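K.L.:
Letter by letter, the sequence shown follows residues 20 to 322 in the numbering used here.
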Amino acid sequence: MEGQGLGVGDVVQAGGAMATQRLSIRRVISAGAIAGSAAASVAIVAVLAGVLWYILWRGVGAISWEFFTTDPTGDPAAPGGMRHAVLGTLALLLMASAVGVPMGILTGVYLSEYAGERWLAGPTRFVCDVLAGVPSIVVGILGYELLVVPVGGFNAYAGAAALAFIMAPIIARTTEEMLRLVPDSYRAGSLALGASKSQTIVRVVLPAAAGPTLTGVMLALARVAGETAPLLFTAGGARLISADLGQPFPSLTQQVFDYATSPFPSQREVAWAGVLVLIALLLTINLAVRLLLWRTRARAKPR
20 MEGQGLGVGD
30 VVQAGGAMAT
40 QRLSIRRVIS
50 AGAIAGSAAA
60 SVAIVAVLAG
70 VLWYILWRGV
80 GAISWEFFTT
90 DPTGDPAAPG
100 GMRHAVLGTL
110 ALLLMASAVG
120 VPMGILTGVY
130 LSEYAGERWL
140 AGPTRFVCDV
150 LAGVPSIVVG
160 ILGYELLVVP
170 VGGFNAYAGA
180 AALAFIMAPI
190 IARTTEEMLR
200 LVPDSYRAGS
210 LALGASKSQT
220 IVRVVLPAAA
230 GPTLTGVMLA
240 LARVAGETAP
250 LLFTAGGARL
260 ISADLGQPFP
270 SLTQQVFDYA
280 TSPFPSQREV
290 AWAGVLVLIA
300 LLLTINLAVR
310 LLLWRTRARA
320 KPR
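And the structure:
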């Protein structure tokens, strides 16, 4: 009746209208968030695809059999290939891995299996986190002061040590996190069967986390494969590759840097070819990481 307050039905109807309005607003906000996320993803993919296409367009013309089988000629008009740089990069990665991978894995094992809440655990993790974020040029300058100046010249050992210094903390933290994901029941079962702690780690824990740990190693390799600053200050670069590791040593990133800043168009074209090879190397490593992750997850699924 007129003149009386709102009835129960009116209140319910008003409440339903407000709820419907709020639901509509939430749907609009949700749709906007989804559209914004999709647009950002498309933009990132488009930019990346554009960059890769441009590198492919600029570099594929200079890719040839001679690029991989010949060394620089010293003639700016006919610069030759980058065999020395490709081989030098692979050699530096191999030497860096020989040092950085064992150091990183052993540090990760210590942090996961032995350190616990001991006083050394916290500082070690902190140092690893800091070193993993240190700019590579800082590592290069340290390598120059500690490994180049004392011996009187650039050398391959200094370059490999600089790359290993970058790799080790990344691998250490990755290994620690992967080992922590191994169920404690694995350790308890091994110890119950009479195995020692070290035997449990070597024969049970590490094999269980082998796939993810190897993934971390390959990600660290992908990180250092594209580094330039540390090698400019340590390995120095050379026109030819030498078996004498105490001499200046070539690398792909350093050679690309030299040619890219050259005033001669022919050398800049070869630099684009070097960039294309470097991108192909990084993509190969990342695809291998994806494959390892896929295989690891497939094995972890119950059958």
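Note that CB positions come from ideal geometry on N, CA and C, so glycine has one too. It should be emphasised that the depicted structure is a prediction, and the values quoted were computed from it without experimental measurement.
#1: For the segment 140-164, list the beta strand (DSSP E) runs that are entirely contained and at least 3 residues long, ordered along the chain.
#2: What number of angstroms, rounded off, separates the C-alpha of A117 from the C-alpha of A177?
#3: Smallest Cα separation from A81: which of V66, P98, V70?
#4: What do you get for G22, buried or exposed, if any count of 16 or more other CB atoms within 10 angstroms of its CB means buried?
#5: Taking the DSSP output, what are the residues bridged to G99?
#6: Where in the segment 264-300 do unbroken runs of the alpha helix (DSSP H), each at least 4 residues long, occur, reported from the N-terminal end onward?
#7: Among residues of its own chain, excluding the 5 on either side of F283, which ones have a beta-carbon nearer than 8 Å to its beta-carbon?
#8: On the premise that P267 lies in contact with V158, defined as a C-beta separation below 8 Å, what is that separation, rounded to the nearest angstrom?
#9: May I ask whether a heavy atom of the ligand FMN can be found less than 8 Å away from the beta carbon of F268?
#10: Comparing alpha-carbon positions, which option in T272, M237, R242, R41 lies nearest M101?
#11: Expressed to the nearest angstrom, what Euclidean distance is found between the alpha-carbon atoms of I220 and M186?
#12: Between the C-alpha atoms of L300 and A211, what's the straight-line distance to the nearest angstrom?
P.N.:
If we stick to the structure as given:
#1: Counting whole runs of 3 or more residues, the segment 140-164 contains no beta strand (DSSP E) stretch at all.
#2: Straight through space, the alpha carbons of A177 and A117 are spaced by roughly 14 Å.
#3: Looking from the CA of A81, the closest CA among V66, P98, V70 belongs to P98.
#4: At G22 the pLDDT is 46, less than 50, meaning the model places this residue with poor confidence; the figure from the coordinates comes in the next sentence. Under this definition G22 is an exposed residue.
#5: Within the DSSP secondary-structure output, G99 pairs in a beta bridge with P91.
#6: You should have 271-279.
#7: Within the same chain, F283 has close Cβ partners P95, A96, P98.
#8: So it is not a contact: roughly 18 Å between Cβ atoms.
#9: Ligands are entirely absent from the displayed structure, and the ligand FMN is therefore not among its contents.
#10: Comparing Cα positions, the closest option is T272.
#11: If you take the alpha carbons of I220 and M186, they lie about 22 Å apart.
#12: If you draw a straight line from the Cα of L300 to the Cα of A211, it comes to about 45 Å.
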